[in-house]
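Scroll down for the structure; my scribbles are underneath it.
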Amino acid sequence: MKKKITLSLMLILSLVSLSACQSVQNWWKNTKEEWIGLEMTVRTFDENVQLIDEMDGKSLSIERNQEFDTEDAEGNSKGDSSVLKVTIGKYEIDHVGSSLIAAEDGLEDLFAKYQKTVNIEEESRAIPMVNRMVSKLKNDFTGKAKVILIRSQNGTPLATYAGDKVSLYTSDAPKTSELLIDGKRLIIYRCDYTIYDRPLLEN
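Residues -22 to -1, 1 to 181 (mature numbering (1 follows the signal peptide of the UniProt record, and there is no 0)) make up the sequence shown, in order.
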């Protein structure tokens, strides 16, 4: 009996410690997205970071549309389709070309918040503006380990996220990156981005 209790306690402790691991959380997030979907907001932008459209869903998943994969000489898929298949509930959307950001509910775009609360005299979106944004939102960054600055394909800033625990993962869709930010999924498609250590921006 004591052996069973000890074994059970060890198993529970192992599961708890594994659940804290970013890789395990990422695997669970991928599994959840595949089977039941995630509550996410998907936004697409033109090269001048003007919002094209915005979609919200409680059961949303994004994957590479394999129908557009090319094949090698042996007829094997190269897995190179740039078309995304966005599933929202029972509906599907195919997307290719323009920049796309999909953020799980609970993630806050600090750049959008900054644009609403700060008057910008200089219209060009350059590094000094990023410095002012970080300075203005310093309380939002307290204790945050990473800051992700996302830019359009022509280099114009369009979104900023921050988190205590940030991990970057590859995606099976070309030109797509997946991040786990404090347990929440962020998907970036056809965007430039930089991930900073927060203390670097505070210096």
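All C-beta atoms, glycine included, are put in the ideal place defined by N, C-alpha and C.
Boundaries of the beta strand (DSSP E) in which residue i is found, first to last residue
i	result
I14	Premise fails: I14 is in no beta strand (DSSP E) and is neither H nor E.
L158	T154 to I159
V125	K124 to R129
T148	V144 to T148
E70	Y69 to H73
Backbone secondary structure at residue i - three-state DSSP
i	result
K36	strand
F119	Confidence at F119 is low in this model, with a pLDDT of 40, below 50, so the placement of that residue is unreliable and no value is reported for it.
E45	helix
R176	helix
A81	strand
residue 185	For the chain, the structure presents residues -22 to 181; residue 185 sits outside this window and is missing.
K91	helix
8 angstroms Cβ cutoff met for residue i and residue j
i	j	result
R163	E32	no
I71	R21	no
G15	S39	yes
Y167	L85	no
residue 202	Y69	For residue 202 there is no data in the structure shown, the boundaries of the chain being -22 and 181.
D24	S76	yes
Outcome for residue i when other beta-carbon atoms lying within 10 angstroms are tallied against a minimum of 16
i	result
V2	exposed
Y171	buried
A48	A small fix is needed here, since residue 48 is Thr in this sequence, not Ala. So T48 ends up on the exposed side.
T120	Caution applies to T120, whose pLDDT of 36 falls short of 50 and renders its modelled position unreliable; the value that the coordinates give is listed next. Answer is exposed; the Cβ neighbour count stays below 16.
C(-2)	exposed
Residue i to residue j span [Cα, whole Å]
i	j	result
W5	V74	26 angstroms
residue 189	P152	This structure leaves residue 189 out entirely; the chain is present only between -22 and 181.
S145	R176	14 angstroms
E156	S37	18 angstroms
A123	G53	45 angstroms
I159	D50	36 angstroms
N26	E45	30 angstroms
E41	L178	34 angstroms
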